[in-house]
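Contents: one structure, followed by commentary.
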Amino acid sequence: MNAKELMIGDWVQINFRDKKVKVTGIHDGLIETNVVSPLRSDEYKPIPLTAEILEKIGYKHDILAEKALQAEGATSDSCVMISHDHRVTVNNASRNINSFNKWFVHIDTEDMRTMATIEISYVHELQRMLKLCGIEKEIVL
C-alpha cells in the first residue's frame, strides 16, 4: 500500500505498533497521522474490514437477509450488515463477490435507488466509497 491510495481521514494500521491511526496529511509519498509521523509505505498497512468494525461504527446485522442468503446456499458464516438509515448494505457472501475482495457493498440514494456497488476488503476503501456517495459518516476505530 502506498500513500497515493489514501486520503486525509483514512484509517491505517502501523506495522511496528499494531496501532490504528488516522491519516492527517500526505506529502512526498509519506503519510502523517494523528499519532506517529511521518510514515513510509512499508511502515503501515490497510485495516481489513470486519463485521466487528462495522458493528462498532453503527451497522446492524440484517438477520432476515442473512437467513435468505443461507437458504439460497450461502455458508452459515455469511454476514449481512446494514447502516442505521438502511442506505448502505455490506455482505460477505462469496456468491455476491466476483473478485478477490472480501465484502460486497451496495449504496442507495435517500429515496432508495441504487447509487453504487463495489467490492472491497479494507476500511479505507469503505471510507472512500461513502465519501464519494456523499454519505457523511465519520468512522472512529
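670 is the number of the first residue of the sequence shown in our numbering; add one for each residue after it.
C-beta atoms are modelled at their ideal positions from N, C-alpha and C, and glycine is treated no differently.
Computed from a predicted structure; not experimentally measured.
First and last residue of the beta strand (DSSP E) that includes residue i?
i      : result
ALA785 : 783 to 789
PRO717 : Note, PRO717: premise wrong, no beta strand (DSSP E); not H, not E.
What is the DSSP secondary structure of residue i, counted as helix, strand or coil?
i      : result
HIS696 : strand
MET798 : helix
LEU810 : coil
ASN760 : strand
LYS771 : coil
ILE683 : strand
CYS730 : The sequence given here has His at residue 730, not Cys. In this structure, HIS730 counts as strand in the three-state DSSP scheme.
ASP746 : coil
ASP780 : coil
LEU708 : strand
GLU674 : helix
GLU805 : coil
GLU741 : coil
How about residue i and residue j: do their beta carbons lie closer than 8 Å?
i      : j      : result
ASP777 : ARG756 : yes
ILE751 : LYS771 : no
ARG709 : LEU723 : no
LYS714 : MET670 : yes
LEU795 : LEU675 : no
MET798 : VAL759 : no
ASN684 : GLU721 : no
Going by DSSP, what residue range makes up the alpha helix (DSSP H) through residue i?
i      : result
LYS725 : 720 to 725
Less than 8 Å between CB atoms is the rule here; does residue i satisfy it with respect to chain B?
i      : result
GLY678 : Absent from the structure is chain B; it holds one protein chain and no more.
Compute every distance between the C-beta of residue i and the non-hydrogen atoms of the ligand MG, then say whether any falls below 7 Å.
i      : result
THR693 : In the structure shown, the ligand MG is absent, as is every other ligand, since no ligand is present at all.
(message) With three or more beta-carbon pairs closer than 8 Å as the criterion, would you say the segment 766 to 775 touches the segment 691 to 700?
(response) In short, these stretches do not touch, since the Cβ pair count stays below three.
(message) For the structure I just gave you, are there three or more beta carbon pairs, one from the segment 676 to 689 and one from the segment 788 to 801, closer than 8 Å?
(response) Enough Cβ pairs lie closer than 8 Å, so yes.
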